[in-house]
Amino acid sequence: MTSPLAVGTYADHAADTPVRPAVLNVLRTAVEVVGNASAAHAAGQAVRTHVEDARDRVASAIGCRPGEIVFTSGGTEADNLAVKGLVWGAAAAASGRGETPHVVTTAVEHPAVLEPIRWLVERGEVDATFVRPGPDGVVAAADVLAAVTDRTVLVSVMAANNIVGAVNDVAAIGAGLVDHPAKFHVDAVQAMHLAVDVAAWNVDALSLSGHKFGGPTGVGCCVLRRGVAVESVLHGGGQDRGVRSGSMPGWLIAAFGVAVEEAVAGRPAEVATIAAVADLVRDAVGALDGVRLLGPTSAEARLPGIVSLALDGVHPDALLFALDGAGGRASVGAACASGATGGNPVLEAMGAEADSGLRLSFGWSSTAADAARVAEVVTDVVPRLRAAGGGFVG
Ligand code: PLP
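FYI, in my numbering the residues of the sequence shown are 69 to 462.
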């Protein structure tokens, strides 16, 4: 297990969050329970009860029916199920019509959405339009809707971006698609600090992942609205509505249910604290020379917990090494200018020019002390690195 020393000053909640105490309680007790949730005997049915209880909790927290939730191993599986499952479901329904189905997505989606779409394109199963964001990372709903054609079978747009925290108006996209046969998928993996609402957003599919809001890693869900044609991605014993085969991890699912419920119920208070923590960091780090804040400037258009920065004069590898050495756990990426190879596709799509991208992200357990410490680490490390040449070789 990770030691407290290794955790250091944790500012990487967009990558993974600590498990909430209530979730830990479920994991501690439930992990000793034996029984396959699909078994008809009492031991299996006892586990099944936890699964169905979690389904109810998640459904009432995010505005859908319990029967519309398919548990997955996390966000990547949920996104793959939504993208491939809905495209193949539409293809099966339209069999024989002979035209290539079309997918609309954005250039700033997580690879868990982009890669399955690119894979389908490479196989000649679909063609796709990748709508670009504005310079702040927000994708305009009008641009997404303008890309939809008669052949479009799927529109997939993230509720909030994982690199810069830009929030997209998915409700406007959902409303604009109500009279179009295309299915609408929303990757809401980073969006639990927003009011996630399957019904109000008019989505056909939505992805969540437990480890982004205080649940365990290895469990998430894909909401698939009733009546939506979907093909399975995993074939086997036909568990979970026949859509997602595989024995259900009852205790992980129970813990996920508690995490969703707690994250949603505690959202207003948590968001206020998280935004205050992030603002302290934004003010301190954003004021440094050669550092620019990325993403939307207005608080309404961004996630409360992500502070995204572009840094001049430091190589991303050297920055990561130096921050980590000083105890600051953050996410460092290449931007798209000098020195860095393989720029971050999100920053590239936004046209952000810098040597390094730095994401400091905060969540339910973050405190003002974390903000002060991480700001101190960045303020100390960046000028020292620059004075030493920035970590560029040659
Ligand atoms: N979608 C987004 C927006 C994400 O940020 C992530 C993870 O960072 C994923 C999908 C993948 O989720 P998971 O790590 O649970 O597979």
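By construction, the Cβ of each residue, glycine as well, lies at the ideal position given by its N, Cα and C atoms.
#### Entry: Straight-line Cα distance separating Val225 from His248
16 Å
### Same chain only: Cβ atoms within 6 Å of Leu213, ignoring 5 sequence neighbours per side
Gly244
### Query
Of the residues Ser277, Arg441, Gly425, His178, which one's Cα is nearest the Cα of Gly396?
Arg441
### Message
For Ser424 and Val115, I'd like the C-alpha separation in whole angstroms.
### Response
47 Å
### Host beta strand (DSSP E) of Thr97 (start-end)
It is not in any beta strand (DSSP E) - Thr97 instead sits in the alpha helix (DSSP H) that spans 89-98.
### Query
Using the beta carbon as the reference atom, which residues fall closer than 5 Å to any heavy atom of ligand 1, ordered along the chain?
Gly142, Gly143, Thr144, His178, Ala180, Asn230, Asp255, Val257, Gln258, Ser277
### Message
If I measure Cβ to Cβ from His178 and keep anything under 8 Å in the same chain, skipping five residues before and after, which residues do I get?
### Response
Gly143, Asp147, Met226, Asn230, Asp255, Val257
### Message
Assuming Ile231 is part of the beta strand (DSSP E), what are its boundary residues?
### Response
No beta strand (DSSP E) contains Ile231, which DSSP labels as neither H nor E.
#### Entry: Alpha carbon of Gly401 to alpha carbon of Pro384, nearest angstrom
6 Å
### Task
Determine the contact status of Val206 and Ala369, defining contact as a CB-CB distance below 9 Å.
yes
### Message
For Lys251, tell me which candidate among His109, Pro134, Leu154 has the shortest Cα-Cα distance.
### Response
Checking every option, the nearest Cα to that of Lys251 belongs to Leu154.
### Task
Using 10 angstroms around the beta-carbon of Gly305, count the other beta-carbons present and answer buried if the total reaches 16, otherwise exposed.
exposed
### Query
When the Cα of Ser399 is compared with those of Gly76, Val75, Asp80, Trp319, which residue comes out closest?
Asp80
#### Entry: Contact between the segment 289-300 and the segment 124-137 (3+ Cβ pairs under 8 Å)
yes
### Distance between Gly314 and Ala107 (C-alpha atoms, nearest Å)
Computed Cα separation, rounded: 13 Å.
### Task
Check whether the Cβ atoms of Leu391 and Pro451 lie closer than 9 Å to each other.
No, these two residues do not count as a Cβ contact at 9 Å.
### Task
Would you give the residue range spanned by the alpha helix (DSSP H) that Arg427 belongs to?
No alpha helix (DSSP H) holds Arg427; the beta strand (DSSP E) holding it covers 424-429.
### Query
Residues in its own chain within less than 6 Å of Ser277 by CB, not counting five upstream and five downstream?
Gly142, Gly143, Val257, Gly288
### Task
Could you name the residues of the same chain whose beta carbon sits closer than 8 Å to that of Ala408, not counting the 5 residues immediately before and after it, in chain order?
Confidence at Ala408 is low in this model, with a pLDDT of 45, below 50, so the placement of that residue should be treated as unreliable; the coordinate-derived value is given next. The residues His383, Pro384, Ala402, Asp423, Ser424, in chain order, have a CB closer than 8 Å to that of Ala408 in the same chain once the five nearest residues on each side in sequence are set aside.
### Query
Would the beta-carbon of Val238 fall within 9 Å of that of Asp204?
For Val238 and Asp204, no; Cβs fall outside 9 Å.
### Message
Taking the beta carbon of Asn93 as the centre, do at least 16 other beta carbons fall within 10 Å, making it buried, or is it exposed?
### Response
Per the 10 Å Cβ criterion, exposed.
### Query
Under 9 Å between the Cβ atoms of Thr373 and Ala327?
Strictly speaking, residue 373 in this sequence is Gly, with Thr absent from that position. Contact flag unset, no.
### Query
Is Gly396 helix, strand or coil when you go by DSSP?
Look at Gly396 here: in three-state DSSP terms it is strand.
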